[in-house]
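A short worksheet on the structure shown next.
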Amino acid sequence: MNMKWNIFKITLCFFLSFFIMGTSTFASDFGMDTIPMEASEIEKIWKNVQMRKVEPSVEILSPIISFDVSPNGDVAIGLKENEIRIFDSNNVLVSCLKFNNTGSYYIRWNEANLVIFCVRGSLLLEVTSSGDFVRMCEIDEQSLSTVKAWYQVRQNREKMVSGCTYKVKNNMGAFYNTFAAGSYSQLEKTDVDGKAILLYDVNTQLLQKRIVITILILTGLGIVIASFIRSFIVYYVKPVEKQEAMPLDKKF
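Quick note on numbering: the sequence shown equals residues -27 to -1, 1 to 225 in mature numbering (1 follows the signal peptide of the UniProt record, and there is no 0).
So this is what it looks like as structure tokens:
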């Protein structure tokens, strides 16, 4: 019995050692398991990303898809059009970054740097607040830890830092709020005294845009329905009425 137990322990230790050695190249970032990348691959992807610091556009219509607040109160807002806006603790816009990306992305602060999680391509990219390269690695999508971390990243809608509450929301009515799931028109900051200000607000612009789209869709549906009714009358109702109006001797 003792011999069998010893053999079992040796076998178990062997498999545990093999597992640890096999996963030693992995690291953990915000709960996600990551895999190192070749320098040549990093250089190629970074060139395609084209991260750059730009002047923020005066007219803003893009909704928020992600945001984060650093421990010192700096706020980063990720917009749908691949634009990241950075505000300092005094709510002043200090930087605006643009980059190339296809698909959704999420952002997190890592001390003074920004980490960007790109869903398509399973990519983790870290840059400075000025857009300079820091590091890049691949996200291991097969890891259970990564699955859990993705869920937490996607569900980030509210944060509390130094007594201040930061919350993304939509204020376009129940109907339009439902169709805006996953993106937000406002970022509200409530300080320790309960005073609320909007750091970012495109609610009116997005609501107007969606009302116009709704009108166009309803107009299109109305035209389709009207065409169907007209075709039904021309090809079915009128021939039947004409047949019924004919004398009996001409019907047969």
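In this text, a Cβ means the ideal position worked out from N, Cα and C, and glycines have one as well.
Cut-off 6 angstroms between Cβ atoms - residues of its own chain near residue i, not counting five sequence neighbours on either side
| i | result |
| --- | --- |
| Gly38 | Gly is not the amino acid found at residue 38; the sequence shown has Ile there. Once the five neighbours on either side are set aside, the close Cβ partners of Ile38 are Gly51, Lys53, Ser156. |
| Asn63 | none |
| Val27 | Cys69, Lys71 |
| Thr101 | Asn86 |
| Asp61 | Asp47, Val67 |
Distance between beta carbons of residue j and residue i, contact taken as under 8 angstroms
| i | j | result |
| --- | --- | --- |
| Leu97 | Ile80 | That pair is no contact at about 11 angstroms. |
| Asp6 | Thr119 | 5 angstroms |
| Asp47 | Ile59 | 7 angstroms |
| Pro44 | Val126 | About 18 angstroms; that fails the 8 angstroms criterion. |
Close-in-space but distant-in-sequence residues of the same chain around residue i (CB under 8 angstroms, 5 per side omitted)
| i | result |
| --- | --- |
| Thr(-3) | Note that Thr(-3) has pLDDT 42, beneath the 50 cutoff, so the model's placement of it is unreliable and no number is given. |
| Gly136 | Asp164, Val165 |
| Arg25 | Leu70, Lys71, Phe72, Gly104 |
Simplified DSSP state of residue i, which is helix, strand or coil
| i | result |
| --- | --- |
| Asn86 | strand |
| Arg203 | helix |
| Val185 | helix |
| Gly46 | coil |
| Thr192 | helix |
| Val67 | strand |
Minimum Cβ-Cβ distance from residue i to chain D less than 8 angstroms
| i | result |
| --- | --- |
| Ile198 | Absent from the structure: chain D. Only one protein chain is present. |
Residue range of the unbroken alpha helix (DSSP H) whose run includes residue i
| i | result |
| --- | --- |
| Ile15 | 12 to 22 |
Chain-order list of residues whose beta-carbon lies under 7 angstroms from that of residue i (same chain, five-residue window excluded)
| i | result |
| --- | --- |
| Glu161 | Lys140, Lys142, Ala169, Leu171 |
| Ile198 | none |
| Ser77 | Ile38, Val92 |
Segment limits, beta strand (DSSP E) that includes residue i
| i | result |
| --- | --- |
| Asp6 | 5 to 8 |
| Arg58 | 56 to 60 |
| Lys162 | 159 to 163 |
| Asp174 | 169 to 174 |
Residue i: CB within 7 angstroms of a non-hydrogen atom of the ligand PLP
| i | result |
| --- | --- |
| Tyr79 | This structure simply doesn't include the ligand PLP, nor any ligand for that matter. |
Would you mind listing the beta strand (DSSP E) stretches within the stretch 98 to 153 that are 3+ residues and don't spill past its ends, in chain order? 106 to 112, 131 to 134, 137 to 142
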